[in-house]
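In what follows, a single structure is set out as structure tokens and then discussed.
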Amino acid sequence: MESEVSAMELTTAIAHVQRMLLDAPAATAAVARLAEVARELIPMATGAGVTLVDEHGQPRTTAATDPAVEALDRLQYELGQGPCLTAWDTVSMQRVDDTAEDTRWPEWAKAAVATGLGSVLSTPLVFRGQEVGAIKVYASGPHAFTEHEEHLLELLAGAAATLLGAAQDPGEIHRLSTSLKFALADRQVVLIAVGILMERHQIDREAAHRLLLAETRRREMPVIVLAACVAGHADDPRL
Amino acid sequence: MPVADEATIARVQACGLATVLEAAGVELDGLWLQYFRLGGDLGVMEVEAYLHHALVLPALQRDLLACACNELAEGHPRRAPYAADCSPAGEAGAG
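Taken in sequence, the protein lines are chains A and B.
Here the first sequence stands for residues 14 to 252, numbered as in my numbering.
Here the second sequence stands for residues 98 to 192, numbered as in my numbering.
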């Protein structure tokens, strides 16, 4: 399916995003919120960071949930090596299972070990085919991330890129990131309810999710409300 | 075989979904966020491709999108259909 958007419109849209992100304080706040969302989405993560680049690929706005992440990020650009730069160059997710054993970016890995970070996951933010930044999560122990976390981060990167594209100004990115944060909290409640139903009925994740959906439909209740009942035990309807 | 195949059901569901989205003025980003909230696993791009019949999503994801749409379009007379509504065998048609 080919997009109908002309090259001109595309250039204008990307330029708009980049201009918006150069408006420093508001953009930094918005990006910081995104980093926070990333950390909350991936429970194994001890820290997260987001970097946005200008049209020349230079990092312009960065935010991280803690100073170690920020320092390690900056180091990548100084050394010219690291998972985020490779994620950027290859437009693909990069996973470091154990910084102590990584040979791809030896200098950077050494620093990561010294900082106490064991695993990293980094993925580019792609808006309409153009990279506008990168998002990454770190964990103190090795082997913290699996395909599941890769999938979650990819999901978030897709949402974040769309959000950046849809926003008219940095304030709006901040508001949209806040919606994402609340959506995430609700999502966790739904997934907990699904987990309870899986165990209760000895069924797989998909069947449990379908059961929850079928029951909300039958009872004409919002999914979140029913999920909260199941997860909270208080008024557990014993589905 | 009276049971419609998966691709046909997906097409009917996607059509119904698109109709309600348009009638209720729900945008793709809003739909995706609600779908994500309900535990949906796919990205915005996949959802968009599904709406344009370029991708057949698994039944659970299609039903989550229908549910997300209907929750957002509350009070709207038209409802996005679930997979069970589109299969001639109805809800009992498992197997």
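Backbone N, C-alpha and C define an ideal beta-carbon position, used for all residues, glycine too.
Query raised in the report: Are the beta-carbon atoms belonging to LEU130 of chain A and LEU197 of chain A less than 8 Å from one another?
Result: no
Query raised in the report: Interface residues of chain A around CYS112 of chain B at Cβ under 8 Å?
Result: The contacting residues do not exist; CYS112 of chain B stays about 16 Å from chain A at best.
**Report entry** Cβ of LEU226 of chain A within 8 Å of any chain B Cβ
**Finding:** So yes, LEU226 of chain A belongs to the interface.
Query raised in the report: Is any beta-carbon of chain B found at less than 8 Å from that of PRO155 of chain A?
Result: no
Query raised in the report: Are the C-beta of ARG7 of chain A and some C-beta of chain B separated by less than 8 Å?
Result: The question about residue 7 of chain A has no answer here: the residues shown for chain A are numbered 14 through 252.
Report task. Closer than 9 Å by beta-carbon distance: list the chain A residues that pair up with ARG176 of chain B, in chain order. Result -> Correct list: empty, because the minimum Cβ distance to chain A is about 10 Å.
Query raised in the report: To the nearest whole angstrom, what separates the beta carbons of TRP121 of chain A and GLN89 of chain A, a pair I think is in contact under 8 Å?
Result: 6 Å
Query raised in the report: Given 8 Å as the limit, is there contact between the segment 107 to 115 of chain B and the segment 147 to 167 of chain B, that is, 3 or more CB pairs closer than that?
Result: yes
Query raised in the report: Do the segment 101 to 116 of chain A and the segment 131 to 150 of chain A touch if we need at least three Cβ pairs shorter than 8 Å?
Result: yes
Query raised in the report: Do TYR106 of chain B and CYS164 of chain B have their C-beta atoms closer together than 8 Å?
Result: It should be noted that the sequence gives Ile, not Tyr, for residue 106 of chain B. Not in contact: ILE106 of chain B and CYS164 of chain B (Cβ atoms no closer than 8 Å).
Query raised in the report: In chain order, what residues of the same chain lie with their CB nearer than 6 Å to the CB of LEU154 of chain B, ignoring the 5 residues before and after it?
Result: TYR147
Query raised in the report: Is there at least one Cβ from chain A nearer than 8 Å to GLU168 of chain B's Cβ?
Result: True, the Cβ-Cβ gap to chain A drops below 8 Å.
Requested in this report: Assign LYS149 of chain A to buried or exposed, taking buried as 16 or more other Cβ atoms, counted over all protein chains shown, within 10 Å of its Cβ.
Outcome: buried
Query raised in the report: Is ILE209 of chain A near the ligand PLP, in the sense that its beta carbon is under 7 Å from a heavy atom of that ligand?
Result: Questions concerning the ligand PLP fall outside what the structure shown contains, since it holds no ligand whatsoever.
Query raised in the report: Among A:LEU210, A:PHE140 and A:MET106, which residue has its Cα nearest to the Cα of HIS161 of chain A?
Result: A:MET106
Query - Any chain A beta carbon closer than 8 Å to CYS164 of chain B - result: yes
**Report entry** Per DSSP, cross-strand counterpart(s) of ILE148 of chain A
**Finding:** DSSP links ILE148 of chain A through a beta bridge to A:VAL63 and A:THR136.
Report task. Keeping to the same chain, check which residues put their C-beta closer than 6 Å to that of LEU98 of chain A; ignore five residues upstream and five downstream. Result -> GLN89
**Report entry** Opening and closing residue of the alpha helix (DSSP H) in which ILE80 of chain A lies
**Finding:** Reading off the sequence, residue 80 of chain A comes out as Pro, not Ile. Element bounds for PRO80 of chain A: 80 to 92.
Query raised in the report: Taking DSSP as the reference, what is the three-state secondary structure of ALA77 of chain A?
Result: strand
Query raised in the report: First and last residue of the alpha helix (DSSP H) that includes ARG134 of chain B?
Result: 125 to 134
Query raised in the report: Taking the alpha-carbon positions, what's the ARG73 of chain A to LEU169 of chain A distance?
Result: 21 Å
Query raised in the report: Counting only runs that start and end within the segment 103 to 130 of chain A, where is the alpha helix (DSSP H) found for 4 or more residues in a row?
Result: The segment 103 to 130 of chain A contains these whole alpha helix (DSSP H) runs: 119 to 128.
Requested in this report: Determine the DSSP secondary structure at GLN143 of chain A, reduced to helix, strand or coil.
Outcome: If DSSP states are grouped into helix, strand and coil, GLN143 of chain A belongs with the strands.
Report task. Taking the CB atoms as reference points, tell me whether ALA221 of chain A and VAL207 of chain A lie closer together than 8 Å. Result -> yes
Requested in this report: Please determine, among A:GLU212, A:ASP79 and A:HIS214, the residue with the shortest C-alpha to C-alpha distance to GLU49 of chain A.
Outcome: A:ASP79
Requested in this report: State buried or exposed for PRO96 of chain A, treating a residue as buried only when at least 16 other CB atoms are found within 10 Å of its CB.
Outcome: buried
Query raised in the report: Which residues in the same chain have their Cβ closer than 7 Å to the Cβ of ALA241 of chain A, if we skip the five residues on either side of it in sequence?
Result: VAL202
Query - Three-way DSSP call (helix, strand, coil) for PRO72 of chain A in this model - result: strand
Report task. List the residues of chain A whose Cβ lies closer than 9 Å to the Cβ of VAL153 of chain B, in chain order. Result -> Here the premise fails: no neighbours, minimum Cβ distance about 13 Å.
Report task. Use the C-beta contact count for GLY253 of chain A: other C-beta atoms within 10 angstroms, 16 or more gives buried, fewer gives exposed. Result -> In the structure as shown, chain A begins at 14 and stops at 252. Residue 253 of chain A is therefore absent and cannot be evaluated.
Query raised in the report: Would DSSP call GLU233 of chain A helix, strand or coil?
Result: GLU233 of chain A: coil per DSSP, three-state reduction.
Requested in this report: Could you check the C-alpha separation between GLY40 of chain B and SER135 of chain A for me, to the nearest Å?
Outcome: Missing from the structure shown is residue 40 of chain B; chain B here goes from 98 to 192 and no further.
Query raised in the report: Using a Cβ-Cβ cut-off of 7 Å (strictly less than) and excluding sequence neighbours within five positions of ALA173 of chain A, which residues of its own chain qualify?
Result: LEU47, LEU138 and ILE148
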